[in-house]
Amino acid sequence: MRKLTCIISLVAFTGLSACGDTFGEQALIGAGAGTATAAVVGGNLAAGAIVGSAANVIYCKEFSTRC
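Under the UniProt record's numbering, think of the first position of the sequence shown as 1, with each following residue one higher.
Given below as structure tokens:
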């Protein structure tokens, strides 16, 4: 079960690489991916949304050529 959870989490975090064109899109896509990941692993959905949103915005700002 733990291995399955890790695989699903990795797939969900891969969705963070789909950045979006604007700051709002980046935050929304990240929040969605974070919420989905939190739901899969049984975590706090609000925390997942916040972490996912921040992670995607930071990723897109740091690696804008990969988006």
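Ideal Cβ positions, reconstructed from N, Cα and C, are used throughout, including at glycine.
Compute the Euclidean distance between the alpha carbons of Gly24 and Leu4, then round it to the nearest angstrom. 31 Å
Start and end of the alpha helix (DSSP H) containing Ser53? Leu45 to Glu62
Residue range of the unbroken alpha helix (DSSP H) whose run includes Gly42: For Gly42, no alpha helix (DSSP H) encloses it, and the DSSP letter there is neither H nor E.
Going by CA-CA distance only, name the one from Glu62, Ala47, Cys6 and Ser64 that's closest to Ala31. The residue with the shortest Cα to Cα distance from Ala31 is Ala47.
Classification of Asn56 by the beta-carbon crowding that lies within 10 angstroms, buried from 16 upward: buried
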